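*Asks:* Line order of the protein sequences matches chains A and B. Here the first sequence stands for residues 1 to 145, where the numbers follow the working numbering. Here the second sequence stands for residues 146 to 290, where the numbers follow the working numbering. Don't be surprised by glycine CBs; every beta carbon is placed ideally from N, CA and C. Computed from a predicted model, the values in this text were never measured in an experiment. Here you go, one structure.
2 protein chains.
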Amino acid sequence: MNPSEAMFSKNAGLTGLPGYALRRAANAMMADLAGRLASIDLRISDSAVLQVIGERTDMTSSEIGKVLEIQRANMAPLLDRLESAQLIRREPIDRKSQAVVLTQHGLEQLATIRRVVLEFEEDLMARIPARHRPHFLPALRALMD
Amino acid sequence: MNPSEAMFSKNAGLTGLPGYALRRAANAMMADLAGRLASIDLRISDSAVLQVIGERTDMTSSEIGKVLEIQRANMAPLLDRLESAQLIRREPIDRKSQAVVLTQHGLEQLATIRRVVLEFEEDLMARIPARHRPHFLPALRALMD
DNA sequence: TATTGTTATACTCTATAACTATA
DNA sequence: TATAGTTATAGAGTATAACAATA
Numbered sequence: 001m002n003p004s005e006a007m008f009s010k011n012a013g014l015t016g017l018p019g020y021a022l023r024r025a026a027n028a029m030m031a032d033l034a035g036r037l038a039s040i041d042l043r044i045s046d047s048a049v050l051q052v053i054g055e056r057t058d059m060t061s062s063e064i065g066k067v068l069e070i071q072r073a074n075m076a077p078l079l080d081r082l083e084s085a086q087l088i089r090r091e092p093i094d095r096k097s098q099a100v101v102l103t104q105h106g107l108e109q110l111a112t113i114r115r116v117v118l119e120f121e122e123d124l125m126a127r128i129p130a131r132h133r134p135h136f137l138p139a140l141r142a143l144m145d
Numbered sequence: 146m147n148p149s150e151a152m153f154s155k156n157a158g159l160t161g162l163p164g165y166a167l168r169r170a171a172n173a174m175m176a177d178l179a180g181r182l183a184s185i186d187l188r189i190s191d192s193a194v195l196q197v198i199g200e201r202t203d204m205t206s207s208e209i210g211k212v213l214e215i216q217r218a219n220m221a222p223l224l225d226r227l228e229s230a231q232l233i234r235r236e237p238i239d240r241k242s243q244a245v246v247l248t249q250h251g252l253e254q255l256a257t258i259r260r261v262v263l264e265f266e267e268d269l270m271a272r273i274p275a276r277h278r279p280h281f282l283p284a285l286r287a288l289m290d
């Protein structure tokens with residue numbers, strides 16, 4: 001069923017439209033992941049930041065934002081939160097920039113995050129019928145920007 | 146590349162994770178659609194509601210909410226907006242329930258919405274490489290609930 | 001008793017504008 | 001001049017709790 005068929009079908013409703021289905025799938029996925037991360041008191045975006053700085057050290061706030069498509073302005077309160085939770089430290093690079101680095105506690109939490117996220121991603125893929133599975137990520141990446 | 150490979154690859158970053166890619170793709174899609182609907186002064190959820198009541202007449206607010214997974218509490222201000230814009234009317238069914246019906250202006254706007262959304266959905270699918278395309282909607286629907 | 005509609009409230013993600021200080 | 005970090009503010013989607021009125 002292509003979009004035009006879906007729009008005029010009485011059966012499928014909006015769920016026959018890829019855009020609408022994409023939104024609903026993403027919402028369900030976010031709710032699931034948010035629930036799993038709530039047990040370690042983190043938001044989805046918190047965990048994304050921690051995962052990024054766990055792989056690339058000495059990144060500035062702006063660089064993290066570019067990688068994750070988080071606005072500079074929104075990085076500040078996010079990092080404030082992570083700093084309050086003792087998960088990261090801001091270390092001066094020069095008098096303008098600062099590196100965002102994991103604390104010991106942050107490093108420990110990152111191990112948990114990786115475990116939670118990996119299990120989450122595997123559960124997610126497991127719900128997709130096998131014949132469609134290998135096509136899912138390539139399709140998403142084509143839409144990502 | 147499966148999730149576990151992606152988690153420990155230095156190259157792909159988080160975009161190798163289907164869940165993260167799903168979130169990014171949905172955000173990009175929503176921004177695109179929101180932009181197209183802004184020209185007719187509607188939000189994405191406004192257009193979804195109008196599309197639904199354009200196909201099934203005499204639906205109550207609660208019923209629309211169930212179909213679109215919009216909380217009852219969030220339907221009220223949404224319908225207030227649509228009513229202020231003269232796109233819908235609330236008509237009493239009994240002393241408790243009311244049907245949400247399209248006005249003449251709502252019916253005219255719906256024609257535009259259908260055109261905009263159909264073009265949007267086609268553009269969206271066109272960005273996905275052909276070999277992945279037929280698998281996209283089935284995969285999303287498997288994740289939808 | 002369960003449901004409808006509503007109000008109030010809050011959280012998360014995202015977005016823009018504007019300011020400062022420094023590269 | 002451009003960039004880094006920040007503050008303030010707003011919009012949009014989603015969520016829960018609670019209430020009155022009615023089925």
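For the 8 angstroms Cβ check, are there 3 or more pairs between the segment 206-221 of chain B and the segment 258-276 of chain B?
*Replies:* No, they do not touch.
*Asks:* Verify the CB distance criterion: does residue 149 of chain B have a CB-CB separation below 8 angstroms to chain A?
*Replies:* True, the Cβ-Cβ gap to chain A drops below 8 angstroms.
*Asks:* Is it buried or exposed, residue 238 of chain B, if we count other Cβ atoms within 10 angstroms and call 16 or more buried?
*Replies:* Under this definition residue 238 of chain B is an exposed residue.
*Asks:* Quick check: is the beta carbon of residue 288 of chain B nearer than 8 angstroms to any beta carbon in chain A?
*Replies:* Interface residue, yes.
*Asks:* Inspect the beta-carbon positions of residue 286 of chain B and residue 21 of chain A and report whether they are closer than 8 angstroms.
*Replies:* Closer than 8 angstroms, so yes.
*Asks:* Over what stretch of residues does the alpha helix (DSSP H) that includes residue 198 of chain B continue unbroken?
*Replies:* Here the alpha helix (DSSP H) through residue 198 of chain B covers 189-200.
*Asks:* Check distances from the C-beta atoms of the segment 22-36 of chain A to those of chain B and list, in chain order, the residues that come in under 7 angstroms.
*Replies:* Per Cβ criterion, the list reads 22, 23, 24, 25, 26, 28, 29, 30, 33.
*Asks:* Taking Cβ positions, are residue 248 of chain B and residue 263 of chain B nearer each other than 8 angstroms?
*Replies:* Taking 8 angstroms as the Cβ cut-off, residue 248 of chain B and residue 263 of chain B do not qualify as a contacting pair.
*Asks:* Going by alpha carbons, who is nearest to residue 229 of chain B out of B:169, B:209, B:250, B:240?
*Replies:* Among B:169, B:209, B:250, B:240, the Cα nearest to that of residue 229 of chain B is on B:250.
*Asks:* Count the C-beta pairs between the segment 13-20 of chain A and the segment 185-204 of chain B that are closer than 8 angstroms, then say yes if the count reaches three, no if not.
*Replies:* Touching, per the Cβ criterion.
*Asks:* Please check the pair residue 278 of chain B and residue 144 of chain A, which I expect to be a contact at CB under 8 angstroms, by giving their CB distance rounded to whole angstroms.
*Replies:* Contact doesn't hold; Cβ gap of about 16 angstroms is too wide.
*Asks:* Beta carbons nearer than 9 angstroms to chain A: which residues of the segment 271-287 of chain B have them?
*Replies:* For the segment 271-287 of chain B, which is checked against every Cβ of chain A, the residues closer than 9 angstroms are 272, 273, 274, 276, 277, 278, 279, 280, 281, 282, 283, 284, 285, 286, 287.
*Asks:* Please state the DSSP three-state secondary structure of residue 71 of chain A.
*Replies:* It is coil, neither helix nor strand.
*Asks:* Who does residue 244 of chain B pair with in a DSSP beta bridge?
*Replies:* Residue 244 of chain B is bridged to B:205, B:236.
*Asks:* Give a yes or no on whether the minimum CB-CB distance between residue 196 of chain B and chain A is below 8 angstroms.
*Replies:* Closer than 8 angstroms to some Cβ of chain A, the Cβ of residue 196 of chain B qualifies, so yes.
*Asks:* What are the boundary residues of the alpha helix (DSSP H) that includes residue 104 of chain A?
*Replies:* Element bounds for residue 104 of chain A: 104-126.
*Asks:* Tell me the residue span of the alpha helix (DSSP H) that contains residue 172 of chain B.
*Replies:* Element bounds for residue 172 of chain B: 163-183.
*Asks:* Could you tell me the alpha carbon to alpha carbon distance between residue 2 of chain A and residue 209 of chain B, rounded to whole angstroms?
*Replies:* Distance between the alpha carbons of residue 2 of chain A and residue 209 of chain B: 24 angstroms.
*Asks:* Name the residues in the segment 192-225 of chain B whose C-beta lies less than 9 angstroms from a C-beta of chain A; which are they?
*Replies:* Within the segment 192-225 of chain B, the qualifying residues are 193, 196, 197, 200, 201, 212, 213, 214.
*Asks:* Express the C-alpha separation of residue 164 of chain B and residue 80 of chain A in angstroms, rounding to a whole number.
*Replies:* Roughly 25 angstroms between the two C-alpha positions.
*Asks:* Taking the C-alpha atoms as reference points, what is the distance between residue 135 of chain A and residue 162 of chain B?
*Replies:* The straight-line gap from Cα to Cα measures roughly 13 angstroms.
*Asks:* Taking C-beta pairs closer than 8 angstroms, name the residues in chain A that residue 160 of chain B reaches, listed in chain order.
*Replies:* The contacting residues are 141, 144.
*Asks:* Name the residue from A:138, A:122, A:109, A:139 whose alpha carbon lies nearest to the alpha carbon of residue 43 of chain A.
*Replies:* When each option's Cα is compared against that of residue 43 of chain A, the closest is A:109.
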